[in-house]
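K.L.:
Protein chains in written order, with this note's numbering: chain A, 263 to 463; chain B, 263 to 463; chain C, 263 to 463; chain D, 263 to 463. From the three backbone atoms N, C-alpha and C, an ideal C-beta is built for every residue, glycine too. For reference, the structure I am asking about is given below.
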DNA sequence: TACTAACCGAGACGGTACGTCGGGTCTTACT
DNA sequence: AGTAAGACCCGACGTACCGTCTCGGTTAGTA
């Protein structure tokens with residue numbers, strides 16, 4: 263995987279059409295049957311490709327899945343910036359509610375859960391995830407928080423990386439552990455508490 | 263699973279020694295080879311048990327693994343209460359740092375990651391996890407926060423369930439997604455920010 | 263293979279119906295596609311059997327094929343004796359002509375050629391062939407020659423094993439090497455020459 | 263195969279060094295791993311040649327093997343005549359014993375067995391074998407028998423082709439079917455019986 | 001002397017089959 | 001009835017080769 267850069271050097275002969283067919287098949291299959299029941303054999307069959315063509319370029323089905331996520335995000339052009347109405351509180355509530363909606367939609371839930379399973383059990387994949395998917399997304403979030411901090415809405419001493427974890431971590435954790443419903447009551451509660459703190463004043 | 267309660271009627275003839283051998287084998291195996299490579303066949307072989315004995319009492323390897331966790335926690339008797347020195351801030355910092363240490367230890371990391379994988383891909387398991395493992399742990403956490411709230415250290419209007427998510431969610435999420443190091447700098451930062459909020463004042 | 267005797271001891275649980283289906287599939291397939299293109303996968307599929315069931319009991323496709331021959335010969339009851347009209351010359355000519363006919367018939371030619379390929383490339387198989395198929399057939403031939411010798415039609419000093427090779431060897435060799443047509447002109451010529459010798463008198 | 267004759271027109275540009283490397287690799291490989299395990303891929307790799315170069319000039323691995331035999335026999339110049347001491351009986355015994363020795367030597371046994379497997383399963387190859395290898399060898403044998411016949415040692419009415427089959431057939435058949443040891447006791451017995459016949463006199 | 005076409009090594013490609021592993025079911029014999 | 005053992009059908013694994021197909025780079029013969 264990560265065949266999207268240095269590729270020209272060592273893989274000039276690689277078939278681009280096969281690569282795309284494989285990534286698309288993986289995307290479709292993970293949605294249809296889930297991560298554990300998605301097999302390399304099925305990916306190859308659906309893509310009209312020999313199994314060896316998958317094994318030649320990817321070390322595991324997790325890696326194929328990962329690349330299919332990267333490919334999807336590349337097509338989606340530059341990652342959209344978070345909304346900025348000037349009011350960090352309402353913006354965050356809107357973003358978190360939207361995220362919760364997405365996580366409730368099986369269309370997104372199933373593949374993302376699959377990706378998380380893959381990452382959770384493969385260090386290499388986790389590192390690539392960090393570099394190619396998490397970092398850009400974190401950058402987008404950081405930019406919005408930076409703007410709020412610059413505007414004096416967030417504490418000037420605040421470590422924005424911690425802030426990001428604080429805001430999105432609880433939601434993602436509840437999603438992954440299925441430990442409760444994901445709705446705006448919950449997400450609004452998070453934003454309120456995180457912004458103002460939980461200590462009595 | 264959790265076959266030790268109401269089901270006692272139809273399982274009077276069940277071999278307790280086989281059940282224990284199976285749970286122990288599962289515990290050992292998940293540590294040695296991880297969740298995905300742990301097979302029911304291997305569990306049965308190591309436990310000196312027929313495969314059918316596993317299939318008779320558990321619906322999936324995730325369920326076996328889950329029961330082995332429940333069994334471990336039962337042996338550890340009543341879940342210890344969180345420390346209460348009267349200072350909620352230092353207590354939380356201590357607890358989170360200890361949790362981080364645990365999550366850094368492969369002895370705990372591997373099986374817990376396995377359990378999370380199992381939960382993430384199985385609603386039934388998630389429900390049982392919530393009932394038998396998460397709820398008690400959450401209760402312990404809630405009791406400490408309740409004490410702090412009663413002592414006037416936490417905001418009186420605070421929803422303690424959200425507070426728990428706020429405090430532990432970021433750490434667990436960073437652990438599961440392997441998105442950064444788990445150390446006391448991080449955990450202290452979380453506690454500080456959560457307690458005081460991130461909004462400029 | 264050779265599972266037809268001691269079987270009861272170590273394979274009481276073996277499925278007789280699967281065994282028969284496998285042997286029959288092998289017989290059919292070798293006729294339809296030949297030895298080299300007959301695959302274990304196809305045998306299993308046609309027999310409605312898991313591949314493992316073949317691998318469990320036979321070491322190679324040659325071994326399966328061999329057993330299917332043994333099974334066919336068992337069903338054919340006791341090996342028929344060669345005709346004995348009292349005239350060894352005409353009897354041998356009749357038998358050799360019949361054998362030539364058989365070898366010209368693809369129904370027999372293809373599987374027998376397959377069996378020979380298997381034997382030629384596998385010592386173990388050759389030994390089993392010798393014990394289970396060649397020896398009984400040779401015994402039948404020897405009995406007819408013995409009768410002729412007893413009747414004073416063959417040289418009393420003659421080693422019957424050599425005689426058998428002399429009579430059948432040339433025909434079988436021409437068949438295997440495809441070095442000429444198999445017809446009664448040829449077989450009669452063999453019998454004449456072998457009986458009377460080729461030395462000028 | 264036998265591509266060195268009429269085809270010269272369209273093969274002027276053919277690389278002779280590649281051709282030789284392929285034939286030599288085939289010879290070596292068949293000795294090392296046997297016919298069934300010899301692959302075109304391995305031949306190409308060992309010869310330092312692209313697979314296409316083999317597929318361009320030969321239709322099957324059997325054809326390559328066959329050509330490697332032809333090449334070996336060409337190097338050995340004109341096929342040596344059989345010894346002629348004037349005594350056909352002792353000459354035949356000597357030749358058959360020498361042949362038996364050769365067939366007992368794995369150096370010769372393995373490749374020749376491979377060639378026979380190839381022939382046995384490929385009509386085209388069998389025809390070419392007949393033309394390029396069997397016919398010349400048969401001619402050599404016929405010449406020696408002709409001399410004996412001319413000298414009055416063999417029956418004047420004898421069909422020499424049948425005689426050749428009678429003399430060499432049993433030995434070759436025993437070799438191919440591995441149905442007994444190849445030694446001079448056996449070969450002498452054949453010669454004696456074939457020369458004098460087996461009929462009582 | 002350059003042109004150009006075939007040949008060459010290399011190796012990716014869509015496939016088929018390999019021999020193995022494990023899933024979940026079923027049967028046998030023992031407790 | 002529950003159990004250890006293990007055969008069974010099945011599906012997938014990851015690998016080896018099949019025969020075909022580019023890809024650049026020689027290497028002849030032709031212009």
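Specify the secondary structure class of residue 444 of chain A as computed by DSSP and reduced to three states.
P.N.:
Reduced to three states, the DSSP call for residue 444 of chain A is coil.
K.L.:
Does any residue of chain D have a CB that is nearer than 8 Å to the CB of residue 375 of chain C?
P.N.:
Judged by the 8 Å Cβ criterion, residue 375 of chain C is in contact with chain D.
K.L.:
Using the beta-carbon of each residue, which ones in chain B are nearer than 7 Å to residue 332 of chain A?
P.N.:
Simply none; closest approach about 16 Å.
K.L.:
Taking Cβ-Cβ distances shorter than 8 Å, what residues in chain C pair up with residue 393 of chain D?
P.N.:
Going along chain C, no residue has its Cβ under 8 Å from residue 393 of chain D, so there is no contact; the nearest lies around 11 Å.
K.L.:
If you draw a straight line from the C-alpha of residue 324 of chain A to the C-alpha of residue 388 of chain B, how long is it?
P.N.:
C-alpha separation (whole angstroms): 23 Å.
K.L.:
With 8 Å as the limit, tell me which residues of the region 426-456 of chain C have their beta carbon closer than that to any beta carbon of chain D; keep them in chain order.
P.N.:
Answer in chain order: 427, 428, 430, 431, 432, 433, 434, 435, 436, 438, 439, 440, 441, 442, 448, 451, 452, 455 and 456.
K.L.:
Could you pull the start and end residues of the alpha helix (DSSP H) that residue 439 of chain C belongs to?
P.N.:
Where residue 439 of chain C is concerned, the enclosing alpha helix (DSSP H) stretches over 422-439.
K.L.:
Curious, which full-length beta strand (DSSP E) runs of at least 3 residues does the region 323-384 of chain C contain?
P.N.:
Qualifying beta strand (DSSP E) stretches: none in this window.
K.L.:
Please identify, using Cβ separations under 9 Å, the residues of the region 290-306 of chain C that lie next to chain D, in order along the chain.
P.N.:
Residues 296, 297 and 298.
K.L.:
When we look at the beta-carbon of residue 282 of chain A and count the other beta-carbons within 10 Å, is it buried (16 or more) or exposed?
P.N.:
Residue 282 of chain A comes out exposed.
K.L.:
With residue 444 of chain A and residue 436 of chain A assumed to form a contact (beta carbons below 8 Å), what rounded beta-carbon distance in angstroms separates them?
P.N.:
Sure, about 6 Å apart at Cβ, within 8 Å.
K.L.:
Closest to residue 302 of chain B by CA distance: which of B/290, B/322, B/296 and B/352 is it?
P.N.:
Looking at the Cα atoms, B/322 is the closest of the given residues.
K.L.:
Have a look at C/438, C/407, C/394 and C/405 and flag the residue whose alpha-carbon is nearest the alpha-carbon of residue 378 of chain C.
P.N.:
Comparing Cα positions, the closest option is C/438.
K.L.:
On the three-pair Cβ rule with 8 Å, is the region 338-356 of chain A touching the region 399-417 of chain A?
P.N.:
Contact between the region 338-356 of chain A and the region 399-417 of chain A is present, because at least three Cβ pairs lie under 8 Å.
K.L.:
Looking at the unbroken alpha helix (DSSP H) that takes in residue 286 of chain C, where does it start and where does it end?
P.N.:
Taken as a continuous stretch (DSSP letters only), the alpha helix (DSSP H) holding residue 286 of chain C covers 278-295.
K.L.:
Where does the unbroken alpha helix (DSSP H) through residue 399 of chain A begin, and where does it stop?
P.N.:
It spans 397-412 - the alpha helix (DSSP H) in which residue 399 of chain A sits, taken as one unbroken run.
K.L.:
In chain order, what residues of the same chain lie with their CB nearer than 8 Å to the CB of residue 290 of chain A, ignoring the 5 residues before and after it?
P.N.:
So the list reads 308, once near-sequence residues are dropped.
K.L.:
Can you give the Cα-Cα distance for residue 375 of chain B and residue 373 of chain D, rounded to whole angstroms?
P.N.:
Each residue's alpha carbon lies about 57 Å from the other.
K.L.:
Taking the C-alpha atoms as reference points, what is the distance between residue 432 of chain C and residue 279 of chain D?
P.N.:
Residue 432 of chain C and residue 279 of chain D: Cα-Cα distance of roughly 41 Å.
K.L.:
How close, in whole Å, do the beta carbons of residue 252 of chain A and residue 305 of chain A come, if the pair is a contact with beta carbons under 8 Å?
P.N.:
Since the displayed chain A opens at 263 and closes at 463, residue 252 of chain A lies outside it and no answer follows.
K.L.:
Run down chain D in chain order and give the residues with a C-beta less than 9 Å from the C-beta of residue 388 of chain C.
P.N.:
Result: 439, 440 and 441.
K.L.:
For residue 461 of chain A and residue 422 of chain A, I'd like the C-alpha separation in whole angstroms.
P.N.:
Cα to Cα, the separation comes out at about 20 Å.
K.L.:
Scan the region 391-416 of chain C for residues whose Cβ lies nearer than 7 Å to a Cβ of chain D and list them as they occur along the chain.
P.N.:
Result list: 392, 396, 414, 415 and 416.
K.L.:
Taking the straight line between their C-alpha atoms, what separation do you get for residue 326 of chain D and residue 386 of chain D?
P.N.:
Between residue 326 of chain D and residue 386 of chain D, the C-alpha separation is close to 13 Å.
K.L.:
Is it true that the CB of residue 381 of chain B sits closer than 8 Å to the CB of residue 440 of chain A?
P.N.:
Closer than 8 Å, so yes.
K.L.:
To the nearest angstrom, how far is the alpha carbon of residue 352 of chain D from that of residue 458 of chain C?
P.N.:
Answer to the nearest angstrom: the Cα atoms are 20 Å apart.
K.L.:
Run down chain C in chain order and give the residues with a C-beta less than 7 Å from the C-beta of residue 325 of chain D.
P.N.:
The premise fails here: residue 325 of chain D is roughly 14 Å from chain C at the closest Cβ pair, so nothing lies under 7 Å.
K.L.:
If you count every other CB in all the chains shown that lies within 10 Å of the CB of residue 413 of chain D, and 16 or more means buried, which is it?
P.N.:
Per the 10 Å Cβ criterion, exposed.
K.L.:
Could you give the first and the last residue of the continuous alpha helix (DSSP H) run that contains residue 415 of chain C?
P.N.:
Taken as a continuous stretch (DSSP letters only), residue 415 of chain C belongs to no alpha helix (DSSP H), as it is neither H nor E.
K.L.:
Express the C-alpha separation of residue 330 of chain A and residue 286 of chain A in angstroms, rounding to a whole number.
P.N.:
Rounded to the nearest angstrom, the two C-alpha atoms are 7 Å apart.
K.L.:
Would you call residue 419 of chain B buried or exposed, if buried means 16 or more other Cβ atoms sit within 10 Å of its Cβ?
P.N.:
Exposed, by the Cβ-count rule.
K.L.:
What residues in the region 337-362 of chain B have a beta carbon less than 9 Å from any beta carbon of chain A?
P.N.:
From the region 337-362 of chain B, only 350 and 351 have a Cβ closer than 9 Å to chain A.
K.L.:
If we count the other Cβ atoms within 10 Å of its Cβ and call it buried at 16 or more, is residue 411 of chain D buried or exposed?
P.N.:
Residue 411 of chain D should be labelled buried.
K.L.:
Where does residue 461 of chain B sit, in a helix, a strand or coil, going by DSSP?
P.N.:
If DSSP states are grouped into helix, strand and coil, residue 461 of chain B belongs with the strands.
K.L.:
Measuring only between beta-carbons, confirm whether residue 424 of chain C sits less than 8 Å from chain D.
P.N.:
Yes, contact with chain D.
K.L.:
I'd like to know whether the C-beta of residue 459 of chain B is nearer than 8 Å to at least one C-beta of chain A.
P.N.:
Yes, residue 459 of chain B lies at the interface with chain A (some Cβ there is under 8 Å from its Cβ).
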